[in-house]
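Using this note's numbering, read the sequence shown as starting at 25 and increasing by one per residue. Heads up, the beta-carbon is just placed ideally off N, CA and C, and yes, glycines get one too.
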Amino acid sequence: MKTTHLTLICHARTEAQRVGRFAVDDEPLRDPSSLSVDLPTTARYLMAPELRTRQTAEGLGATVDEGLRDCDLGNWKGIPLKQLDEAALRVWLSDPQATPHGGESIAMLCERVATWMDTALAPGEWAAITHPFVIRAAMLHALGAPFESFHRIDVPPLARVCLSHYGQWRLQLG
């Protein structure tokens, strides 16, 4: 059995992250010219389809992979957190099955990412530019943690998470 190494890289900072609102699908980077991240040189690169990940991955020869797309937040896209209905936000933060926004639940996202991790990658070295929510979901899958832990993880712009798979997923610190 051969090992799969997966480095997940969060896209660079967006204005939505700076001001505390949910991104829209074609959210651009705040300052695309300031990208600097140490990337694996022998990896095959993948990226989520949204503009912010494509801008982060520019020049890497990355292939778009729909499995890395961001969580569908339905009618909350583009809305500042401060403008959301507090009761609906509380439900969403406490219940991974909830979809008060009409989009994809945290549980659905976590299941989608777990399926992608378990079926889409051949053995070898991979690097994927994606979103904080996708990285959180991947970490939960690797650790076998409950979906309720999702909102306890912070993933800043350009953060890297290294995972490996040899019979089971493992989180690699280094």
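Distance, residue j Cα to residue i Cα
i: A138; j: D96; result: 16 Å
i: Y69; j: V48; result: 24 Å
i: L108; j: T27; result: 43 Å
i: L105; j: Q121; result: 19 Å
i: T87; j: L182; result: 18 Å
Proximity winner among the options, relative to residue i (alpha-carbon distances)
i: L145; options: W193, G98, L167; result: W193
i: I33; options: L197, L195, Y190, P180; result: P180
i: A152; options: P73, R42, M25, M132; result: P73
i: T37; options: A81, E128, T27, G85; result: The sequence shown places Arg at residue 37, rather than the Thr named in the question. Minimum Cα distance to R37 is reached at A81.
i: L113; options: H175, Y190, W140; result: H175
i: G148; options: G83, S188, G168; result: S188
Whole-angstrom C-beta distance between residue j and residue i, which should lie under 8 Å
i: C186; j: T31; result: 5 Å
i: I103; j: F46; result: 6 Å
Nonlocal neighbours in the same chain, by C-beta distance under 6 Å from residue i, ignoring five residues either side
i: H125; result: L97, G98, N99, W100
i: E51; result: T38, A40, R76
i: G91; result: W140, A144
i: T123; result: S129
Close beta carbons around residue i, own chain, < 7 Å, minus the five adjacent residues each side
i: M163; result: I177, V185, L195
i: R54; result: R37, T38, E39, R42
i: R78; result: M71
Same chain, Cβ closer than 8 Å to residue i, five either side skipped, listed in chain order
i: G198; result: C186
Item checked: Every unbroken beta strand (DSSP E) inside the region 39-125 [3 residues or more] -> 68-71
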